[in-house]
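Before any comments, here is the structure.
Below you can see the structure in the form of structure tokens.
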């Protein structure tokens, strides 16, 4: 059996079966908690390993409703669910089986009850662990290992998706490319370890400068891309200036001794010269290289335009 007992929530509105269950399910294998109503049970499902739903009370419709609430379709999180059902309630048994719950007939055999509960909880625990591993692999597949922002491949996928969505719903989409100035000098003078630390700190600064709905990605080397859905060009300029200032104010590297600056290029859709996601990326890249040519530590736009003295408020 399991080293630590499984926590099992018993839902028994009549409490008619509770004394027998307490005698049958010893504390060595199962730590029991009790809920007297479906509403109370739903508030406790995140705190237990499984739910034992006792039916056969006066309100069978309520039992079926609670069964549905406890067994949402994937990928929603759910506990292991075991239903105690009388043999004559064929409809409830079939409903439970369709929703992936274990069914135990009442009256039950004590040893069979313990073994079926343990088997169900153990299988659910394995599935939960496997799901966590899959989710972690998915996260790693789209994350840059050094900076922990999204990687280049994921950025390209999202760029295409957001561009299609912006076209379909006639919404703005802006892109900011950020390139650290003279970053080779940091690696040459202080070593690649210091350079890696600077990149991590810059990535964190970028994430703090945008909304949760925006996408920050490492585009390559010391270059980052920020995708801003539902944001027009003046709004993107506001964000870019916040990013530029945030990088300027960083005390980066070992002991916070390094200061860095960045050049930024912005492009926005809709625009008559931008008909594809590749053109949005190309025009932002052209604006970035113009910022480099004009002296670095600055923002350039596509199409070229004088910077606003006071950036307008950001859309969205």
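In this note's numbering, the protein residues as written are 1 to 316. Even glycine gets a Cβ: it sits at the ideal position worked out from N, Cα and C.
Excluding the five sequence neighbours on either side, which residues of its own chain have a C-beta within less than 6 angstroms of the C-beta of residue 120, listed in chain order?
-> Counting only Cβ-Cβ distances below 6 angstroms, and skipping sequence neighbours, we find 80, 82 and 102.
Between which two residues does the alpha helix (DSSP H) carrying residue 116 extend?
-> 110-141 is the span of the alpha helix (DSSP H), which, as asked, contains residue 116.
Exposed or buried, residue 216, counting other C-beta atoms within 10 Å across all chains shown (16 or more means buried)?
-> With 16 or more Cβ atoms within 10 Å of its Cβ, residue 216 is classed as buried.
Identify whether residue 311 lies in helix, strand or coil by the three-state DSSP scheme.
-> Bear in mind that the predicted position of residue 311 carries a pLDDT of just 42, short of 50, making it unreliable; the figure below should be weighed with that in mind. In this structure, DSSP gives residue 311 a state outside helix and strand, which the three-state scheme calls coil.
Kindly confirm or deny that the region 173-185 and the region 257-267 touch, where touching means at least three C-beta pairs closer than 8 angstroms.
-> Judged by pairs of C-beta atoms under 8 angstroms, the region 173-185 touches the region 257-267, as three or more such pairs exist.
Given a cut-off of 8 angstroms, decide if residue 22 and residue 9 are closer than it, judged by their beta-carbon atoms.
-> Not in contact: residue 9 and residue 22 (Cβ atoms no closer than 8 angstroms).
Buried or exposed: where does residue 151 fall if 16 or more other Cβ atoms within 10 Å of its Cβ makes it buried?
-> Flag for residue 151 reads buried.
Beta carbon of residue 203, beta carbon of residue 148: below 8 angstroms?
-> Yes, the Cβ-Cβ distance between residue 203 and residue 148 is below 8 angstroms.
Member of 285, 19, 181 and 26 whose CA lies at the smallest distance from the CA of residue 199 = The shortest Cα separation from residue 199 among 285, 19, 181 and 26 belongs to 181.
What's the C-alpha gap between residue 128 and residue 134?
-> Taken atom to atom, the span from the alpha-carbon of residue 128 to that of residue 134 is near 10 angstroms.
Compute the beta-carbon to beta-carbon distance between residue 63 and residue 53, rounded to the nearest angstrom, for a pair I have assumed lies under 8 angstroms.
-> Your pair residue 63 and residue 53 checks out as a contact, with CB atoms roughly 7 angstroms apart and the cut at 8 angstroms.
Option nearest residue 50 by Cα separation, candidates 275, 77, 233 and 18 = Nearest C-alpha to residue 50: 77.
Please classify residue 66: is it buried, with 16 or more other beta-carbons within 10 angstroms of its beta-carbon, or exposed?
-> That one is buried.
Looking at C-alpha atoms only, which residue of 173, 72 and 233 is the closest neighbour of residue 302?
-> Closest option to residue 302, judged by alpha-carbon separation, among 173, 72 and 233: 233.
Let me know the beta strand (DSSP E) ranges lying completely inside the region 213-280, each 3 residues or longer, listed in chain order.
-> If only complete runs of 3 or more residues are kept, the region 213-280 shows the beta strand (DSSP E) at 215-220, 223-229 and 262-269, in order along the chain.
Going by the CB atoms, is the gap between residue 166 and residue 173 shorter than 8 angstroms?
-> Yes; because the gap between Cβ atoms is below 8 angstroms, this pair is in contact.
For residue 33: DSSP bridge partner residues = Looking at the DSSP assignment, residue 33 forms a beta bridge with 9.
What residue does the beta strand (DSSP E) around residue 106 start on, and which one ends it?
-> First-last of the beta strand (DSSP E) with residue 106: 102-106.
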